[in-house]
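Structure record follows, encoded as structure tokens.
Numbering (the numbering used here), first residue to last: 306 to 518.
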């Protein structure tokens, strides 16, 4: 095979490795993170992340898990595929995994800087604060769409006050920063009670209202 052909195949393998990670991202998040219900190490860390959204598993823990897995995948791939396929494939998978870690963490620690990062946060926060059974993908909605767990977020997301990200809140007012006001609302601890009291007051029977008049 000519060097040019090998380069083409290597490029395809690299792209395939990137795509493979996005599938693994969905599978790991859905099955180990949620269906596992904290019965495996990843699930335990994930439950903690949902309970305290500012928490992330320590980098050393992730490295201890990822390095042997990546090494094993590379070894197995080299057994069944030539070097110019195996190495780019695993390189693509690894680079996309690292990208996922960066994107996920920054979605909690930094505000959006463009259309994609805005989408990432709204898609991911719907999962956190509205329905944890939906929107498992972080870097792409592709597998959510394929597996039926995709929800297009069109309304402002209610973020519980205790989980509000530092980049979201204006420190002077305690409210959502003006640039994010169309996308998010802070859900205060007393909001539900106030709403319930309002609903009770407005649900008074018409006859009683007439008598009071």
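Heads up, the beta-carbon is just placed ideally off N, CA and C, and yes, glycines get one too.
Open item on the list: I'd like to check one pair, residue 337 with residue 347: are the Cβ atoms closer than 9 Å?
Closed with: For the purposes of this step, residue 347 is taken as residue 42 along the chain shown, with counting starting at 1. For the purposes of this step, residue 337 is taken as residue 32 along the chain shown, with counting starting at 1. For residue 347 and residue 337, yes; Cβs fall inside 9 Å.
Open item on the list: Spatial neighbours of residue 379 within its chain, please: C-beta separation below 7 Å, excluding the five flanking residues on both sides.
Closed with: Reading the chain shown from its first residue, position 74 is the one you call residue 379. Excluding residues within five positions, the ones whose Cβ falls inside 7 Å are 391, 395.
- [ ] Kindly indicate the opening and closing residues of the alpha helix (DSSP H) around residue 385.
- [x] Your numbering for residue 385 matches position 80 in the chain shown. 364–385 is the extent of the alpha helix (DSSP H) around residue 385.
- [ ] Kindly list the residues whose CB is nearer than 8 Å to the CB of residue 323, restricted to its own chain and excluding five residues on each side of it in sequence; keep chain order.
- [x] In the chain shown, residue 323 corresponds to position 18, counting from 1. Excluding residues within five positions, the ones whose Cβ falls inside 8 Å are 397, 398, 400, 401.
Task: Which listed residue (316, 491, 410) has its alpha carbon closest to that of residue 388 - done: Here residue 388 corresponds to residue number 83 of the chain shown, with the count starting at 1. Checking every option, the nearest Cα to that of residue 388 belongs to 316.
Task: Integer-rounded CB distance, given that residue 412 should sit under 8 Å from residue 435 - done: Position 130 of the chain shown, counted from the start, is the residue given in the question as residue 435. Position 107 of the chain shown, counted from the start, is the residue given in the question as residue 412. That belief does not hold up - the Cβ atoms of residue 435 and residue 412 are roughly 15 Å apart, past 8 Å.
- [ ] Pull up the distance between the alpha-carbon of residue 318 and that of residue 326, whole angstroms please.
- [x] The residue you call residue 318 lines up with position 13 of the chain shown. The residue you call residue 326 lines up with position 21 of the chain shown. Using only the alpha carbons, I get a separation of about 12 Å.
- [ ] Could you name the residues of the same chain whose beta carbon sits closer than 8 Å to that of residue 432, not counting the 5 residues immediately before and after it, in chain order?
- [x] Here the question's residue 432 lines up with position 127 in the chain shown. Result list for residue 432: 439, 440, 441, in chain order.
Open item on the list: With a threshold of 8 Å on Cβ separation, who are the neighbours of residue 475 within its own chain once the five nearest residues in sequence on each side are excluded?
Closed with: The residue given as residue 475 occupies position 170 in the chain shown. Excluding positions up to five away in sequence, the list reads 481, 482, 483.
Task: Residue nearest to residue 460 in terms of C-alpha spacing, selected from 469, 328, 489, 452 - done: Indexing the chain shown from 1 puts residue 460 at position 155. The candidate whose alpha carbon is nearest that of residue 460 is 489.
Task: For residue 376 and residue 306, the rounded distance between their alpha carbons - done: By 1-based counting over the chain shown, the position of residue 306 is 1. By 1-based counting over the chain shown, the position of residue 376 is 71. If you take the alpha carbons of residue 306 and residue 376, they lie about 27 Å apart.
- [ ] Mind reading off the beta-carbon distance from residue 462 to residue 430? Whole number of angstroms is fine, and I expect it under 8 Å.
- [x] Within the chain shown, residue 462 is the residue found at index 157, counting from 1. Within the chain shown, residue 430 is the residue found at index 125, counting from 1. Correct: roughly 5 Å between the Cβ atoms.
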